[in-house]
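Enquirer: Under the numbering used here, the first residue of the sequence shown is numbered 116, with each subsequent residue one higher. Ideal Cβ placement from N, Cα and C applies to all residues, glycine included.
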Amino acid sequence: MRKLRTYKENDYGLKADVLAAAIKEDRAHGLIPFLLVATVGTTPTCAVDDVKALGEICQAEGLWLHVDAAYAGSAAICPEYRYLTAGVELVDSFNFNVHKWMLVNFDCSPMWFRDAREATAYFNVDPIFLKHEHQDKTIDYRHLQTGLGRRFRSLKAWFVLRSIGIKGLQANIRNQCALAKQFGELVTKDERFELAAPVHLGLVCFRLKTSNDANKQLLKLVNDDKRIHIIPAQAHGTYFLRLAICSTKTTSEDIIFAWNVICELAEHI
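1) For LEU294, which option in THR325, ALA312 and GLY317 has the closest C-alpha, if you only look at C-alpha atoms?
2) Report buried or exposed for TYR186, applying the criterion of at least 16 other Cβ atoms within 10 angstroms of its Cβ.
3) To which residues of the same chain is GLY128 closer than 7 Å at the C-beta, ignoring the five residues directly before and after it?
4) Counting only the same chain and skipping the five closest in sequence on each side, list residues whose C-beta sits under 7 Å from that of LYS271.
5) Could you give the distance in angstroms between the alpha-carbon of CYS320 and the alpha-carbon of PRO148?
6) My output table needs one value for ASP369: the three-state DSSP class, helix, strand or coil.
7) Under 8 Å, with one C-beta from each stretch per pair, do the region 369 to 378 and the region 296 to 311 reach the 3-pair mark?
8) Could you compute how far the alpha carbon of PHE274 sits from the alpha carbon of ILE172?
9) Let me make sure I understand the geometry here. Which of ARG229, GLU233 and VAL182 has the alpha-carbon closest to that of PHE211?
10) Closest by CA to ARG142, which one among GLY177, ASN330, GLU124 and CYS292?
11) Which residue or residues does DSSP assign as beta-bridge partners of ARG322?
12) Hey, how far is the Cα of VAL240 from the Cα of ALA190?
13) For the putative contact between THR261 and PHE244, defined by C-beta atoms under 8 Å, what is the C-beta separation to the nearest angstrom?
14) Which runs of the alpha helix (DSSP H) spanning at least 4 residues fall entirely within the region 268 to 293, listed in chain order?
15) In this structure, what does DSSP give as the bridge partners for ARG357?
16) For the region 122 to 155, list the alpha helix (DSSP H) runs that are entirely contained and at least 4 residues long, ordered along the chain.
17) Measuring straight from C-alpha to C-alpha, what distance separates GLU309 and CYS193?
18) On the DSSP bridge assignment, give the partners of ASN210 in chain order.
19) Please return the same chain residues whose Cβ sits closer than 7 Å to the Cβ of HIS351, not counting the five positions on each side in sequence.
20) Pull up the distance between the alpha-carbon of HIS258 and that of THR235, whole angstroms please.
21) Check whether the Cβ atoms of ASP207 and PHE228 lie closer than 8 Å to each other.
22) Is it right to say MET217 is buried, meaning 16 or more other beta carbons lie within 10 angstroms of its own, or is it exposed?
23) Start and end of the alpha helix (DSSP H) containing ALA77?
24) Mind reading off the beta-carbon distance from ILE345 to LEU334? Whole number of angstroms is fine, and I expect it under 8 Å.
25) Can you give me the Cβ contacts of LEU263 inside the same chain, cut-off strictly under 7 Å, excluding the 5 residues immediately before and after it?
26) Closest to ALA381 by C-alpha separation, out of GLN297, MET226, VAL337 and ASP126, would be which residue?
27) Specify, as a first and last residue, the run of the alpha helix (DSSP H) that CYS161 falls within.
Here is the structure:
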């Protein structure tokens, strides 16, 4: 497995020319590139790879393109965020976690294939005692995994869609994105702080304009204080804090409260 470098000036998304160069280099060393895993909404910064540009290269070079849209994929339920999945028609497989942002309890991760029958060939388990007369009429999902059985995860997703509805799910995502934007504006107005990455969806990455150690100290103060809880991340050697808007009950007042706590504790550094 090879990890490809991303760049801050590209908002930490994977650039197509980096992929093209890596494919060329690997083949020059006698290797056979066959799979690219692209990301829509990385964990540290919610960065989004250029799926369309990467997909065009993968098709030209014969690579399978899988897109992991674990968190951000749910945002595509809103028309204004469907740009995130531009180029999805070039993808061979795509998954996201509805338990992360579509109000479904853990775990539930839909996955799509360009050709599901091709995908089932790789884990095919077909002894005589499992054969039946309808096996050629539909996809048998045991062929998508090593185990024969599967939990009925789709039922809870169906119940959420029926009880909350598309508009309810859209409203929740839009509200949390607006709250993240509000927090990001508070960060940029304070000369002590800076954004470590653009505010994207419901995630804000921020830090003190000082050292990594100072930010580690701030994190400890915040979490030891216990009024709010945040977690850190690091990109290209830069340590920063992440405020993720996740709860359906979070309000604008909560955002102001969280920011005031952070500012209060930052005075001790």
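Expert: According to the structure data:
1) Of the candidates THR325, ALA312 and GLY317, the one whose C-alpha sits nearest the C-alpha of LEU294 is GLY317.
2) Taking every protein chain shown into account, the CB of TYR186 has 16 or more other CB atoms within 10 angstroms, so this residue is buried.
3) The answer, listed in chain order, is THR121, ALA162, VAL163, ASP164 and ASP165.
4) Excluding residues up to 5 positions away in sequence, VAL219, ASN220 and CYS223 lie with their Cβ nearer than 7 Å to the Cβ of LYS271 in the same chain.
5) C-alpha separation (whole angstroms): 33 Å.
6) Helix.
7) With the cut-off at 8 Å, the region 369 to 378 and the region 296 to 311 touch.
8) If you take the alpha carbons of PHE274 and ILE172, they lie about 39 Å apart.
9) The shortest C-alpha to C-alpha distance from PHE211 to any of ARG229, GLU233 and VAL182 is the one to VAL182.
10) For ARG142, the nearest C-alpha among the options comes from GLY177.
11) According to DSSP, which records beta bridges pairwise, ARG322 is partnered with GLU309.
12) Their backbone Cα atoms lie some 36 Å apart in a straight line.
13) Incorrect: roughly 18 Å between the Cβ atoms, too far for contact.
14) DSSP runs (the alpha helix (DSSP H)) wholly in the region 268 to 293: 269 to 278.
15) ARG357 pairs with CYS320 and ILE346.
16) Here the runs fully enclosed are 131 to 143.
17) Their backbone Cα atoms lie some 29 Å apart in a straight line.
18) DSSP output for ASN210 lists ASP183 and MET226 as bridge partner(s).
19) Closer than 7 Å at the Cβ level, and outside the excluded window around HIS351, lie LYS123.
20) The straight-line gap from Cα to Cα measures roughly 5 Å.
21) Yes, Cβ-Cβ distance for ASP207 and PHE228 is below 8 Å.
22) When all chains shown are included, MET217 counts as buried.
23) Summary: the structure shown does not reach residue 77, with the chain confined to residues 116 through 384, and so no result is reported for it.
24) With a Cβ gap of about 7 Å, ILE345 and LEU334 count as contacting.
25) VAL240 and ARG257.
26) Closest by alpha carbon: VAL337.
27) Element bounds for CYS161: n/a, residue is neither H nor E.
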